[in-house]
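Okay, so here's the structure we're looking at.
Numbering (this note's numbering), first residue to last: 1299 to 1415.
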């Protein structure tokens, strides 16, 4: 009787952990897609809305595993490249246009990675 209770308890724990990890994966996908959308819009509008910075920072501060962590790091890299390499004083420069083209291509690749999770 006692061993049955232990087995049932272990099964319940396993099921709960499985459900939680699925939920966090779906949550990651939604959050990552949102970050991609914000970064694409920022490149298009040539500026990052201050209202989105807090949500982006929260996503970047989360601790993920494996493929999710790789995607997160790629998004951080794009975010930093956009902020650090864009010449906001002369937004229409050729170097900015090349940077934006490169970042858009990287975001397209990341979006495909997110979809395949």
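The beta carbon of each residue, even a glycine, is placed where N, CA and C say it ideally should be.
As the structure is a computational prediction, the values presented were derived from the model and not from experiment.
Own chain partners of residue i with C-beta closer than 7 Å, once the 5 adjacent residues on each side are dropped
i, result
"residue 1415", "1323, 1327 and 1365"
"residue 1383", "1397"
"residue 1333", "1354, 1357 and 1373"
"residue 1336", "1350 and 1354"
"residue 1394", "1384 and 1385"
Residues near residue i in its chain [Cβ-Cβ closer than 6 Å; skip 5 each side]
i, result
"residue 1338", "1405"
"residue 1346", "1340"
"residue 1362", "1370"
Residue i classed as buried or exposed, judged by whether at least 16 other C-beta atoms fall within 10 angstroms
i, result
"residue 1386", "exposed"
"residue 1401", "buried"
"residue 1330", "buried"
Presumed contact (8 Å Cβ cut-off) between residue i and residue j, rounded CB distance
i, j, result
"residue 1340", "residue 1380", "6 Å"
"residue 1411", "residue 1376", "The pair is not a contact, with the Cβ atoms about 13 Å apart (cut-off 8 Å)."
Secondary structure of residue i, DSSP reduced to three states
i, result
"residue 1414", "coil"
"residue 1370", "helix"
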